[in-house]
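Engineer: Numbering (this note's numbering), first residue to last: 57 to 281.
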């Protein structure tokens with residue numbers, strides 16, 4: 057009974073989170089992000105502002121959560137689903153490109169380019185892929201208890217953030233149109249370039265994991281009967 061109550065409680069929390077982020081995005085698209093208050097989002101989702109603060113620390117965080125909903129878990133699942141014969145660096149690049157460059161609603165993209173605070177929140181959200189990605193990398197490499205999966209996952213998250221930043225916030229004289237920042241360059245190309253810098257480290261980690269498996273197998277084969 058206790059397990060069932062806990063499960064129902066978690067389902068209710070997840071439903072509340074979804075309702076809040078969907079309300080935030082809906083209101084931002086309708087009125088503009090600067091014209092949406094936390095109280096408005098909470099009312100639209102049927103909860104109190106205090107409850108809202110238990111889930112999101114700002115309106116921008118809720119809006120971005122709606123746009124990037126479940127992306128971190130989808131990235132990790134995509135990596136885990138790649139055959140082990142696929143090179144780790146390729147598996148990661150394919151998963152990242154699949155989840156970050158799929159067609160997006162034009163109005164949602166305009167939200168990101170129209171608000172500096174939203175852009176910052178969108179960039180910060182890239183860090184959310186680190187923990188689930190570390191678990192997926194650990195599963196592939198088979199090195200529990202070592203820092204390698206977390207270090208690699210953190211590096212991938214940083215590379216994604218750099219690519220997104222180059223795309224949304226060009227370092228030199230960003231193009232603007234009526235106050236909007238115009239994304240610069242091809243996002244797939246920027247992601248590929250950023251992730252390519254990690255290939256030597258990813259290849260080395262994968263080779264070490266394969267060598268460890270060979271060593272462990274040899275130890276077993278020469279062990280006592």
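Backbone N, C-alpha and C define an ideal beta-carbon position, used for all residues, glycine too. Nothing here was measured: the structure is a model prediction, and the numbers come from that model.
What does the Cβ neighbour count give for residue 166, buried or exposed, with the cut at 16 atoms within 10 Å?
Structural biologist: It is exposed - the Cβ of residue 166 has fewer than 16 other Cβ atoms within 10 Å.
Engineer: On the CB-based measure, 16 or more other CB atoms within 10 Å of its CB, does residue 205 come out buried or exposed?
Structural biologist: Per the 10 Å Cβ criterion, buried.
Engineer: Would you tell me roughly how many angstroms separate the C-alpha atoms of residue 241 and residue 248, rounded to the nearest one?
Structural biologist: Cα to Cα, the separation comes out at about 12 Å.
Engineer: From what residue to what residue does the alpha helix (DSSP H) around residue 107 run?
Structural biologist: Unbroken alpha helix (DSSP H) run through residue 107: 105-109.
Engineer: Return yes when the Cβ of residue 118 is within less than 8 Å of the Cβ of residue 174, no when it is not.
Structural biologist: No, they are not a contact pair.
Engineer: Looking only at its own chain, which residues have a Cβ that is under 7 Å from the Cβ of residue 210, when we skip the five neighbours before and after it?
Structural biologist: 186, listed in sequence order.
Engineer: On a Cα-Cα basis, can you pick out the residue from 267, 200 and 177 that is closest to residue 225?
Structural biologist: That would be 177, whose Cα lies nearest to the Cα of residue 225.
Engineer: Provide the residue span of the alpha helix (DSSP H) that contains residue 205, from first to last.
Structural biologist: Where residue 205 is concerned, the enclosing alpha helix (DSSP H) stretches over 204-224.
Engineer: So what does DSSP say about residue 139, is it helix, strand or coil?
Structural biologist: Of the three classes helix, strand and coil, the one that applies to residue 139 here is coil, per DSSP.
Engineer: Report the option in 135, 128 and 190 whose CA atom is closest to the CA atom of residue 151.
Structural biologist: Ranking the options by Cα distance to residue 151, first place goes to 135.
Engineer: If you pair each beta-carbon of the segment 132-146 with each one of the segment 193-207, do three or more pairs fall below 8 Å?
Structural biologist: These segments touch.
Engineer: Going by the CB atoms, is the gap between residue 219 and residue 246 shorter than 8 Å?
Structural biologist: In this structure, residue 219 lies closer than 8 Å to residue 246 by Cβ.
Engineer: In its own chain, which residues sit with a C-beta less than 7 Å from the C-beta of residue 79, not counting the 5 before and 5 after it?
Structural biologist: Excluding positions up to five away in sequence, the list reads 97, 100 and 101.
Engineer: Whole angstroms are fine: how far does the CA of residue 259 sit from the CA of residue 208?
Structural biologist: Those two C-alpha atoms are separated by around 11 Å.
Engineer: For residue 154, which residues from the same chain have a beta carbon less than 7 Å from its beta carbon, with the 5 sequence-adjacent residues on both sides left out?
Structural biologist: For residue 154, where only same-chain residues beyond five positions count, the Cβ hits under 7 Å are 134.
Engineer: Just to confirm my understanding: we take residue 109, look at its own chain, exclude 5 residues before and 5 after, and list those with CB closer than 6 Å. What are they?
Structural biologist: Excluding sequence neighbours, residue 109 sits near nothing in its chain.
Engineer: Pull up the CB-CB distance for residue 180 and residue 128, whole angstroms please, since I reckon it's below 8 Å.
Structural biologist: Wrong, their Cβ atoms sit about 13 Å apart, outside the cutoff.
Engineer: Apart from the five residues just before and just after residue 262, which ones in its own chain have a Cβ nearer than 6 Å to its Cβ?
Structural biologist: Within the same chain, residue 262 has close Cβ partners 144.
Engineer: Where does residue 253 sit, in a helix, a strand or coil, going by DSSP?
Structural biologist: Residue 253 falls in the coil class under three-state DSSP.
Engineer: Start and end of the alpha helix (DSSP H) containing residue 173?
Structural biologist: It spans 172-180 - the alpha helix (DSSP H) in which residue 173 sits, taken as one unbroken run.
Engineer: Check each candidate in 131, 82, 124 and 95 and name the one with the smallest Cα separation from residue 114.
Structural biologist: Residue 114 has its Cα closest to that of 95, out of 131, 82, 124 and 95.
Engineer: How long is the line joining the alpha carbons of residue 64 and residue 70, rounded to whole angstroms?
Structural biologist: Their backbone Cα atoms lie some 10 Å apart in a straight line.
Engineer: Relative to the C-alpha of residue 212, which residue among 256, 251 and 222 is closest?
Structural biologist: Considering only alpha carbons, the answer is 251.
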